[in-house]
C-alpha cells in the first residue's frame with residue numbers, strides 16, 4: 090500500500106550545518122516515538138491552515154497510530170476535532186501545499202468538508 094512519509098529536518102541549529110545544508114532527522118515521530126509513515130487509507134481527515142492558498146500548517150488525522158498511544162487534546166486540538174477517531178498531526182507547510190493536496194486526493198484520503206479557504210469560493 091502507498092503511504093505518506095513525513096521527513097523532519099533538524100539539528101542543533103535549525104537544521105543547518107556548515108557545508109552540509111539541511112540534515113534529515115531520524116525517521117521517528119518526536120512526540121509518539123513511532124515511524125513517520127502512515128498509510129493513506131488510514132487518513133480520516135486532512136486540511137491546510139489558514140487555507141490551501143496561504144498554507145502555514147498542514148493537518149491530517151489518521152487511525153494507524155495505536156489508540157493506547159494517541160495523544161488527545163494537545164495544542165487545543167481537542168477543541169478542533171472532538172471525534173475520538175484517530176491521531177491528529179500538524180506540520181509546517183514548507184512544501185508545495187497544492188502538490189500535497191493533489192497526492193491526498195490521488196490516494197483518496199478521506200476528507201470532511203471543503204478545504205479551508207474554499208468554502209466560500211464560487212464555482
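In our numbering, the protein residues as written are 90 to 212. Even glycine gets a Cβ: it sits at the ideal position worked out from N, Cα and C. No experiment lies behind these values; they were computed from the predicted model shown.
Asked: N-terminal and C-terminal residue of the alpha helix (DSSP H) that residue 194 is part of; Found: 186 to 195
Asked: Simplified DSSP state of residue 37, which is helix, strand or coil; Found: Not covered by the structure: residue 37. The range shown for the chain is 90 to 212.
Asked: Spatial distance of residue 128 from residue 141 (CA atoms); Found: 22 Å
Asked: Given residue 149 as reference, the closest of 158, 207, 143, 130 once Cα atoms are compared; Found: 130
Asked: Neighbourhood of residue 132 by C-beta, 6 Å cutoff - its chain only, sequence neighbours within 5 removed; Found: 149, 151, 198, 199
Asked: Cβ-based neighbour list, residue 186, same chain, cut-off 8 Å, excluding 5 preceding and 5 following; Found: 137, 141, 144, 147
Asked: Contacts around residue 196, its chain only, beta-carbon distance under 7 Å, and the 5 residues preceding and following it disregarded; Found: 91, 129
Asked: Residue burial classification, residue 122 (beta-carbon count within 10 angstroms, cutoff 16); Found: exposed
Asked: Collapsed DSSP secondary structure at residue 124 in the structure displayed; Found: strand
Asked: For residue 201 and residue 134, believed in contact at Cβ under 8 Å, the rounded distance; Found: 5 Å
Asked: Whole-number beta carbon distance between residue 159 and residue 176, since they are thought to touch under 8 Å; Found: 4 Å
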